[in-house]
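Heads up: the structure comes next, in structure tokens.
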Amino acid sequence: MEIFKYMENNDYEQLVFCQDKQSGLKAIIAIHDTTLGPALGGTRMWTYSSEEEAIEDALRLSRGMTYKNAVAGLNLGGGKTVIIGDPHKDKNEEMFRAFGRYIQGLDGRYITAEDVGTTVADMDIIHEETDYVTGISPAFGSSGNPSPVTAYGVYRGMKAAAKEAFGTDILAGKVVAVQGVGNVAYNLCQHLHEEGAQLIVTDINKEAVNRAVKEFNARAVDPNDIYGVECDIYAPCALGATINDQTIPQLKAKVIAGAANNQLKDNQHGDIIHEMGIVYAPDYVINAGGVINVADELYGYNRERALKKVESIYDNISQVIDIAMRDNIPTYKAADRLAEERIERMRISRSQFLQKGHHILSRR
Ligand SMILES: NC(=O)C1=CN([C@@H]2O[C@H](COP(=O)(O)OP(=O)(O)OC[C@H]3O[C@@H](n4cnc5c(N)ncnc54)[C@H](O)[C@@H]3O)[C@@H](O)[C@H]2O)C=CC1
Ligand SMILES: CC(C)CC(=O)C(=O)O
Numbered sequence: 001m002e003i004f005k006y007m008e009n010n011d012y013e014q015l016v017f018c019q020d021k022q023s024g025l026k027a028i029i030a031i032h033d034t035t036l037g038p039a040l041g042g043t044r045m046w047t048y049s050s051e052e053e054a055i056e057d058a059l060r061l062s063r064g065m066t067y068k069n070a071v072a073g074l075n076l077g078g079g080k081t082v083i084i085g086d087p088h089k090d091k092n093e094e095m096f097r098a099f100g101r102y103i104q105g106l107d108g109r110y111i112t113a114e115d116v117g118t119t120v121a122d123m124d125i126i127h128e129e130t131d132y133v134t135g136i137s138p139a140f141g142s143s144g145n146p147s148p149v150t151a152y153g154v155y156r157g158m159k160a161a162a163k164e165a166f167g168t169d170i171l172a173g174k175v176v177a178v179q180g181v182g183n184v185a186y187n188l189c190q191h192l193h194e195e196g197a198q199l200i201v202t203d204i205n206k207e208a209v210n211r212a213v214k215e216f217n218a219r220a221v222d223p224n225d226i227y228g229v230e231c232d233i234y235a236p237c238a239l240g241a242t243i244n245d246q247t248i249p250q251l252k253a254k255v256i257a258g259a260a261n262n263q264l265k266d267n268q269h270g271d272i273i274h275e276m277g278i279v280y281a282p283d284y285v286i287n288a289g290g291v292i293n294v295a296d297e298l299y300g301y302n303r304e305r306a307l308k309k310v311e312s313i314y315d316n317i318s319q320v321i322d323i324a325m326r327d328n329i330p331t332y333k334a335a336d337r338l339a340e341e342r343i344e345r346m347r348i349s350r351s352q353f354l355q356k357g358h359h360i361l362s363r364r
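Numbering follows full-length UniProt numbering, with no gaps: position 247 of the sequence shown is 247.
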């Protein structure tokens, strides 16, 4: 991979490699675009099969955060960290302390939070070294685990997509196939079950599946079978790139609406599902609830205010669908357009020189 060429082609600002021998920390912080404000995005800890795979993941995820934060109406840019390692075996206090010091060194250009493989407890340790961390314990007056709020946003966005596909946003009686029943999807299943949707679930973790079967009367299927099940809605809530050449021909769903980041393997897969008439709720629009929630900490956390903003994910998905219909383009392109237009408008309106620029962070 030619890193500078890749960064230049996709407008990345900065890539930071953090190493600490004692704790085993190997982290990559990717900052995509800070036009709207400091880059905010979570830290993923994962067993990458190569350093190149980790770098690519950090780059792709950080770009997604730029677009997510822009469409969500946040005054924040896009960034993300990946830590190479097994979250079940390789974590230690020193690792997150060392990582916190690297974040502090960026002096506010990047703010972190949870993602796959990291927890509120990890954020609390990072907080010992830096203020540029969110999703810390409610005991510190903060917002805690973002997953339940992400799930609420996905639920709202799923309703908006269902309205377009089925003429109603009532999900009672609809069959929803959920891939991965981890932190976000467990809470999503709870909303769907309460409304009377029927659930089909899968996960590589048997305990997670059993819990969903027991608590939500879900039907369990093997991980490879989830794509082809008879359902109304496919909710990808595990990792990325599950909408691809192999899975698309199997899909029976009329709606794709889930929490995972980077659901489309490539843009062409967004074109194909558009041509098939599937209503796709773009990942970074529908899963913005978590970042909206943690970003509220920068103002002094108020859960009611955060949830109100998360509710508007319904309107954001409807707006994206309207633009896609109007211009006869796939929804992923409509979402990109919304994000890019906002960033461009702000770039122009903020181009005037100020001796000491203001951002909400300066009050923290
Ligand atoms: N936690 C949050 O607030 C947010 C999460 N997301 C995204 O949503 C997705 C889920 O996040 P979390 O629930 O926090 O993660 P998680 O790690 O708690 O849950 C993911 C689940 O997917 C399962 N899984 C992994 N590979 C699988 C496969 N091939 N087939 C079936 N199941 C598989 C895992 O065993 C796990 O139970 C991720 O892509 C994450 O980046 C996006 C925005 C916010
Ligand atoms: C988990 C969130 C708090 C932020 C993030 O990284 C995301 O939305 O993907």
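Virtual Cβ for every residue (Gly too), placed ideally from N, Cα, C.
In this structure, S142 keeps its C-beta atom at 9 Å or more from the C-beta atom of T130. Set against 8 Å, the gap from the CB of S137 to the closest heavy atom of ligand 1 is not smaller.
Not a single heavy atom of ligand 2 lies less than 8 Å from the C-beta of V120.
Taking each of G357, N293, G300 and I286 in turn and checking the Cα distance to G64, the smallest one comes out for I286. Spatial neighbours of L15 in its own chain (CB-CB distance under 6 Å, excluding positions within 5 residues in sequence) are listed in chain order as A30. The beta carbons of M45 and K80 sit no closer together than 9 Å.
G78: member of the beta strand (DSSP E) spanning G77 to I84, first to last residue. Counting C-beta atoms within 10 angstroms of its own C-beta, H32 has 16 or more neighbours from the protein chains shown and is therefore classed as buried. For Y110, the closest C-alpha among the options A212, K26, L40 and L251 is that of L40. Judged by DSSP secondary structure, A113 falls outside any alpha helix (DSSP H); it is assigned neither H nor E. Taking 4 residues as the shortest admissible run, the stretch 246 to 319 contains the following complete alpha helix (DSSP H) segments, listed from N- to C-terminal end: 267 to 275, 283 to 286, 289 to 295 and 303 to 311. If you draw a straight line from the Cα of I313 to the Cα of L76, it comes to about 17 Å. Counting only residues of its own chain and dropping the five nearest sequence neighbours on each side, Q104 has a CB closer than 7 Å to the CB of E129, T130 and Y132.
Q104 has no beta-bridge partner at all, per DSSP. Ranked by Cα distance from G157, the first of Q319, R350, A58 and S23 is Q319. Shortest gap from the CB of T130 to any heavy atom of ligand 2: 8 Å or more.
Between the stretch 175 to 193 and the stretch 243 to 263, the count of C-beta pairs closer than 8 Å reaches three or more; the two stretches touch.
In this chain, the beta strand (DSSP E) harbouring Y234 covers I233 to P236. Near ligand 2, residues with a Cβ at less than 5 Å from any of the ligand's heavy atoms are G41, G42, A113, D115, P146, G290, V291 and V294; the list follows chain order. Contact between V279 and I321 holds: CB atoms are separated by about 7 Å, below the 8 Å threshold. Rounded to whole angstroms, the gap between the alpha carbons of E297 and G73 is 15 Å. N302 and I136 have their C-alpha atoms roughly 14 Å apart. Contact annotation: A238 and D203 have beta-carbon atoms nearer than 9 Å.
Where K206 is concerned, the enclosing alpha helix (DSSP H) starts and stops at K206 to F216.
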